[in-house]
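Notes follow once the structure below has been shown.
Numbering (the numbering used here), first residue to last: 39 to 277.
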């Protein structure tokens, strides 16, 4: 679990880096879009080819039910708590979101990032390979995630300091998920399929629609590259 914790901290740092992104405007935000596209393909492939089959091995047919549970947990909180936003896209201050919108976005994304930590730890409880795959799938969207929450906080009238703290909080939620699974490691048969559902939601419902909004052909190619990367890693390290 030490490795899971270290990688959870690394994923948390990526959230914070995303928050810093909004505070240093000279960086090109187009790179965030590329991370999203690559992450979308990699996450879909990881969820379907690796996490779901391992979940069925651990939990049998009931794994499919818990995949649905994971999917709809994130859907419920993002739909009801978080205002409408796009991953990796700046929500401009001129939008003048209501004061509570930033807090709502933070709460919704906190649930999401908490399960990121659960997923990383659950993967390592099964095997080092699965844990590494899940970590890579998650870290690819962590920077855009931190950027998104920071921009929503700014647009709701909060300070840049508060925006950075929001990104840090997402990192804390990720590490909390790792810690929880360290305490409840015997429940990995439930946690892993729930994590599969969360991963499917993030990839198919959050990330792929963002890719589809972009006319750039490179975005679509990066999705396929993400899938190919997952397949290549499987051939090289998990044959």
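Ideal Cβ placement from N, Cα and C applies to all residues, glycine included.
Asked: Heavy atom of the ligand HEM within 7 Å of residue 72 beta-carbon; Found: Ligands in the displayed structure: none, and consequently the ligand HEM is not present.
Asked: Residue 252 (DSSP reduced to helix, strand or coil); Found: coil
Asked: Short Cβ contact (8 Å threshold) for residue 142 with residue 226; Found: no
Asked: Three-state secondary structure assigned by DSSP to residue 215; Found: helix
Asked: Residue 57 classed as buried or exposed, judged by whether at least 16 other C-beta atoms fall within 10 angstroms; Found: buried
Asked: Nearest-angstrom Cα separation, counted from residue 75 out to residue 241; Found: 9 Å
Asked: Backbone CA spacing between residue 230 and residue 162 [nearest angstrom]; Found: 10 Å
Asked: Supposed contact pair residue 236 and residue 188 - C-beta distance, whole angstroms, cut 8 Å; Found: In fact, because the Cβ distance is near 22 Å, the residues do not count as touching under 8 Å.
Asked: Cβ pair count under 8 Å reaching 3, the segment 170-187 against the segment 45-53; Found: yes
Asked: Alpha helix (DSSP H) segment containing residue 98, residue limits; Found: Per DSSP, residue 98 belongs to no alpha helix (DSSP H) and is neither H nor E.
Asked: Cβ neighbour criterion (16 or more within 10 Å) applied to residue 266; Found: exposed
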